[in-house]
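Q:
In our numbering, the protein residues as written are -16 to 511.
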């Protein structure tokens, strides 16, 4: 889950003046029309849970009536399970895979590899914005929100994994998020809602990773040459060249070694950040510690919403089905082990960075805590230490970017590749090279041209990470397993769906407000 909070979501200031009122209503108009799919999801979910059978259940009933139940499915009748999964049916299903699933989403990995992929996609440099979120919450609320975010996201991801395992046992393994939506909610939901939202979130994460990588490169450059003349977009292009090479790695499973290194890197820069914050906090170099909440009542309210949105999207992933698709069959229980690896790393990194950064800098913590290591361009830590921390961050950003590029690669492969030809035949290699290179070039151009992309990406994250990672998992679980309406789990899932849908709307409001406030400062190819 990546969301560049370097824009810092500044809460201070007033609403737009009369000269910007037209822009304000224009963004509000777009925002209101964007809300419709989110409300449709909630209303459909509650109505379906109370009154309707799931699409998959109705399909199974029709198959039973017609006597056409697939031989590879599991028939369930009054608590008795009769498993019929012939190897021939499994091989036949593999033969019917499209090129995207066959070449990009290869099911060859173990739960350890799954843990690497999950850790890279969740434990990413946006965690360096957590001390900034604490400046709007304070100690108590900040830690409570961080704990709730960890518990709810772990719970939601496990529910999503259980739904995927259930359908795999029925002989219908879902390899993509949109496949799940097609099967559970209906084809229109996968085609027109889940698919586009996932693409926007993942491609937005690629753009944001490229932009943040360029910004970290520029920080290193200015540290060594404060009067240097190179511009931000030049560093973005350099980082884009690195992404151009990594994008040619053929499959998600092929990233397992890179993502292992990524896990080490995230532990590295998190440890450096924590150590640096503690050192500065114990020295006389840092700012005076002040943990009071800044601003008037209105700004504090928006600050609270922004902080919750930052924490929620920092836990975002958006590609759980695609990651689980990389696991070799049988998949039962493997995703839980992978999530356990991921959240062990997450607990250590998220809490150490958030607590040490806020303790050291208080309400002066910036959107990217590494920025606090410099005071008016002068380093508060040894230059080598800051250099190493930024290098770790840059390298992990490249891994994060290529992970979130996989859904785009899968779509491109499905569109241009031929599943009947060999993976590395000229028929498939040439379209793969051209299409993937173009997708990276476009992402790099967007990042270089729109250095304020963080504002836009926060809006995408509000409408993307919230439904994909918190709302849809509980919706899918209730529609698939149909827990009793008297059970605590049913109402816990309903509560999570409603609360996080509301938070998504609030986060979108805050993002739109920030876009309106910052619109007057937007410049193409700006050197920020």
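Where is the CB? At the ideal position from N, CA and C, for every residue including glycine.
By DSSP, does residue 211 sit in helix, in strand, or in coil?
A: Three-state result, residue 211: coil.
Q: Just the C-alpha distance for residue 363 and residue 262, rounded to the nearest angstrom, thanks.
A: Taking the straight line from one Cα to the other gives about 9 Å.
Q: Can you tell me the Cβ-Cβ gap for residue 431 and residue 216, rounded? I've got them flagged as a contact below 8 Å.
A: So it is a contact: roughly 4 Å between Cβ atoms.
Q: Considering Cα atoms alone, identify which of 325, 195, 143 and 336 is closest to residue 567.
A: Not covered by the structure: residue 567. The range shown for the chain is -16 to 511.
Q: Just verifying my parser: in three-state terms, what is the DSSP assignment at residue 507?
A: Here residue 507 sits in coil by DSSP.
Q: On the criterion of 16 or more Cβ atoms from any shown chain inside 10 Å, does residue 469 qualify as buried, or is it exposed?
A: When all chains shown are included, residue 469 counts as exposed.
Q: Between the alpha carbons of residue 20 and residue 480, how many angstroms are there, rounded?
A: Bear in mind that the predicted position of residue 20 carries a pLDDT of just 45, short of 50, making it unreliable; the figure below should be weighed with that in mind. The straight-line gap from Cα to Cα measures roughly 14 Å.
Q: With the cut-off set at 8 Å, would you say residue 165 and residue 173 are in Cβ contact?
A: Cβ atoms of residue 165 and residue 173: closer than 8 Å.
Q: My parser needs the alpha helix (DSSP H) runs of 4 or more residues fully inside the region 288 to 368; what are they?
A: Runs found: 303 to 307 and 317 to 344.
Q: Between the alpha carbons of residue 120 and residue 283, how many angstroms are there, rounded?
A: Computed Cα separation, rounded: 9 Å.
Q: Quick check on the DSSP output: the alpha helix (DSSP H) that includes residue 248 runs from which residue to which?
A: Here the alpha helix (DSSP H) through residue 248 covers 239 to 265.
Q: Closest to residue 96 by CA distance: which of 135, 205, 198 and 305 is it?
A: That would be 305, whose Cα lies nearest to the Cα of residue 96.
Q: For residue 451, which of 79, 176 and 231 has the nearest alpha-carbon?
A: Out of 79, 176 and 231, 176 has the C-alpha closest to the C-alpha of residue 451.
Q: How big is the Cα-Cα spacing for residue 433 and residue 222?
A: Distance between the alpha carbons of residue 433 and residue 222: 15 Å.
Q: Can you list, in chain order, the residues of its chain whose CB lies under 7 Å from that of residue 38, leaving out five sequence neighbours each side?
A: Note on residue 38: pLDDT 46, under 50, position unreliable in the model; the coordinate value appears next. Answer for residue 38: 166, 167, 168 and 169, listed in chain order.
Q: Can you check whether the CB of residue 341 is closer than 8 Å to the CB of residue 104?
A: Taking 8 Å as the Cβ cut-off, residue 104 and residue 341 do not qualify as a contacting pair.
Q: Report all residues from its chain with a CB closer than 6 Å to the CB of residue 328; omit the five preceding and five following residues, and keep chain order.
A: Contacts found: 102 and 106.
Q: What would DSSP say about residue 92, mapped onto helix, strand or coil?
A: Strand at residue 92.
Q: So residue 249 and residue 118 are in contact, right, with Cβ under 8 Å, and what is the actual spacing, rounded?
A: With 8 Å as the limit, residue 249 and residue 118 do not qualify as a contact, their Cβ atoms being about 23 Å apart.
Q: Could you please give the first and the last residue of the uninterrupted alpha helix (DSSP H) stretch that includes residue 496?
A: Unbroken alpha helix (DSSP H) run through residue 496: 471 to 501.
Q: I want to know whether the region 454 to 461 touches the region 471 to 488 - three or more CB-CB distances under 8 Å.
A: They touch, by the three-pair rule.
Q: Just verifying my parser: in three-state terms, what is the DSSP assignment at residue 406?
A: If DSSP states are grouped into helix, strand and coil, residue 406 belongs with coil.
Q: Out of curiosity, what's the CA-to-CA distance linking residue 132 and residue 274?
A: For residue 132 and residue 274, the distance between alpha carbons rounds to 22 Å.
Q: Compare the C-alpha of residue 518 against each of 354, 200, 418 and 357 and name the closest.
A: Any property of residue 518 remains undetermined from this structure, which presents the chain solely from -16 to 511.
Q: Does residue 466 come out as helix, strand or coil in the three-state DSSP assignment?
A: Note: residue 466 maps to coil in three-state DSSP.
Q: Give every residue of the same chain whose Cβ lies closer than 7 Å to the Cβ of residue 268, excluding the five residues on either side of it in the sequence, and list them in chain order.
A: Cβ within range, chain order: 363.
Q: Among residues of its own chain, excluding the 5 on either side of residue 346, which ones have a beta-carbon nearer than 8 Å to its beta-carbon?
A: The residues are 118, 273, 274, 275, 276 and 277.
Q: What are the boundary residues of the alpha helix (DSSP H) that residue 389 is part of?
A: Unbroken alpha helix (DSSP H) run through residue 389: 389 to 399.
Q: Tell me where the alpha helix (DSSP H) around residue 166 begins and ends.
A: Counting along the chain, the alpha helix (DSSP H) containing residue 166 begins and ends at 160 to 167.
Q: Enumerate in chain order the residues of its own chain whose CB-to-CB distance from residue 510 is below 7 Å, with the five nearest sequence positions on each side excluded.
A: The residues are 214 and 215.
Q: Who are the Cβ neighbours of residue 512 in its own chain at under 6 Å, not counting the five residues just before and after it?
A: Because the chain in this structure spans residues -16 to 511, residue 512 falls outside the shown range and cannot be described.
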